[in-house]
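Contents: one structure, followed by commentary.
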């Protein structure tokens, strides 16, 4: 019930962004500026706040288990990204988009706010491990896939972005138990509160430029989205629940697997692909985001 309520809250934020964009109050230029704040300020603050304001403790063994679990899950998603486009008979020119949507979920804009609301800020330390590995994969496999190439040169400057750096700092503060002043704790707590509303409004603004009715007319994309958001998490989670005893880690894994396609997918395709692929990627992100408001609570109810 808590997860359903949180998804309703996020949906309301999306609607606010959508309505504001439709009325011309917010536009794509405004959205880019807000996205910068979310990516470079609010989201890193959310990760740091989890450590400096959290009361719980995570043993070192659990952190290692989280890293291994994240590695297996993200690696499995890469394997699926090679299989699903073929399974759904995507046209050759569209396969790179389907690969990106299969490999990369929206663990930042949607995953972090949901995890913080449902499982508490303590759980974000687990999520930070996923985020670090996610960024490494995004700027290697993700960019090469958008280009239509195999694995190539690693762009270390992009991998070491503010999200990864803040995650590393958070883990160092946590493991070494470094004390932080109260003003820092209050600042991180205040900034972290911006993540959920601003990130969802950005998604709402992006939806405003896409005819909603057309999203549900593409039967291949619709069936793919339902498979990605419902079938795969429901099939995978019993295995994870059996192998991982930590309930909070299982919950984090469920959110990470069940979140929609990352908005970063559309950005990569726009930068490295062509116009038609960018439009398909934007529609895929939009459709999976809308459906996830209902599918994430369904997956949670089925697997737990």
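Numbering (the working numbering), first residue to last: 141 to 444. All residues carry an ideal CB built from backbone N, CA and C; glycine is no exception.
Relative to the alpha-carbon of residue 268, which residue among 159, 190, 406 has its alpha-carbon at the smallest distance? Nearest C-alpha to residue 268: 190.
Assign residue 164 to one of two classes, buried (16 or more other C-beta atoms within 10 Å of its C-beta) or exposed (fewer than that). The residue in question, residue 164, is exposed, as its Cβ has fewer than 16 Cβ neighbours within 10 Å.
Assigned exposure category for residue 441 - 16 Cβ within 10 Å defines buried: Answer is exposed; the Cβ neighbour count stays below 16.
Output the boundary residues of the alpha helix (DSSP H) element that contains residue 183. Residue 183 -> alpha helix (DSSP H) spans 183-192.
Given this structure, state the Cα-to-Cα distance separating residue 369 from residue 330, to the nearest angstrom. Our two residues, residue 369 and residue 330, have alpha carbons roughly 32 Å apart in a direct line.
Below 8 Å on the Cβ atoms is my contact criterion, and I expect residue 272 with residue 304 to pass it. Report the Cβ-Cβ distance as a whole number of Å. Contact flag correct, Cβ pair sits at about 5 Å.
With 16 as the cutoff for other CB atoms within 10 Å, does residue 261 come out buried or exposed? With 16 or more Cβ atoms within 10 Å of its Cβ, residue 261 is classed as buried.
Taking C-beta to C-beta, are residue 409 and residue 426 nearer than 8 Å? Cβ atoms of residue 409 and residue 426: not closer than 8 Å.
Which residue from 402, 392, 348, 443 puts its Cα closest to that of residue 213? Minimum Cα distance to residue 213 is reached at 392.
Which same chain residues end up closer than 7 Å to residue 438 when comparing Cβ atoms and leaving out the 5 residues on each side of it in sequence? Excluding sequence neighbours, residue 438 sits near 370.
Closest to residue 347 by CA distance: which of 284, 147, 160, 145 is it? Cα-wise, what sits closest to residue 347 is 160.
Am I right that residue 182 and residue 332 are in contact with their C-beta atoms under 8 Å? What's the rounded C-beta distance? Their Cβ separation, rounded to whole angstroms, is 7 Å, which keeps residue 182 and residue 332 in contact under 8 Å.
Please list, in chain order, all residues of the same chain as residue 175 whose beta carbon is under 7 Å from its beta carbon, the five residues on each side excluded. The beta carbon of residue 175 sits closer than 7 Å to the beta carbons of 342 from its chain, once the five residues preceding and following it are set aside; these are given in chain order.
Runs of 4 residues minimum, wholly inside the stretch 190-245: which ones carry the alpha helix (DSSP H) assignment? Here the runs fully enclosed are 200-227, 235-243.
Who are the Cβ neighbours of residue 144 in its own chain at under 7 Å, not counting the five residues just before and after it? The beta carbon of residue 144 lies closer than 7 Å to those of 437 in the same chain, with the five residues before and after it left out.
Would you mind working out which of 364, 428, 418 sits nearest residue 229, comparing C-alpha positions? Nearest to residue 229 by C-alpha distance, out of 364, 428, 418, is 364.
Go through its chain and collect everything with a Cβ distance to residue 168's Cβ below 6 Å, but skip five positions before and after it. Excluding residues within five positions, none has a Cβ falling inside 6 Å.
Residues near residue 242 by beta carbon distance below 6 Å, same chain, minus five either side: Only 220, 221, 224 meet the Cβ criterion.
Let's test the definition: count the other Cβ atoms within 10 Å of the Cβ of residue 443 and tell me whether it reaches 16, buried, or not, exposed. Residue 443 should be labelled buried.
Nearest to residue 400 by alpha carbon, out of 423, 412, 418? It is 423 whose Cα lies nearest to the Cα of residue 400.
Mapping the DSSP letters down to three states, classify residue 257 as helix, strand or coil. Reduced to three states, the DSSP call for residue 257 is helix.
Burial state of residue 357 (16 or more Cβ within 10 Å): So residue 357 ends up on the exposed side.
From residue 153 to residue 394, what distance separates their C-alpha atoms? Rounded to whole angstroms, the separation of the alpha carbons of residue 394 and residue 153 is 22 Å.
Option in 180, 234, 156, 149 with minimal Cα separation from residue 405: Relative to residue 405, the option among 180, 234, 156, 149 whose CA is nearest is 234.
Using DSSP's beta-bridge definition, name the partner residues of residue 422. Residue 422 is not bridged by DSSP to any residue.
Residue 215, buried or exposed, once every other Cβ within 10 Å from all chains shown has been counted against 16: Burial call: exposed.
Three-state secondary structure (DSSP) of residue 401: Here residue 401 sits in strand by DSSP.
Could you tell me the alpha carbon to alpha carbon distance between residue 270 and residue 353, rounded to whole angstroms? Rounded to whole angstroms, residue 270 to residue 353 spans 34 Å at the Cα level.
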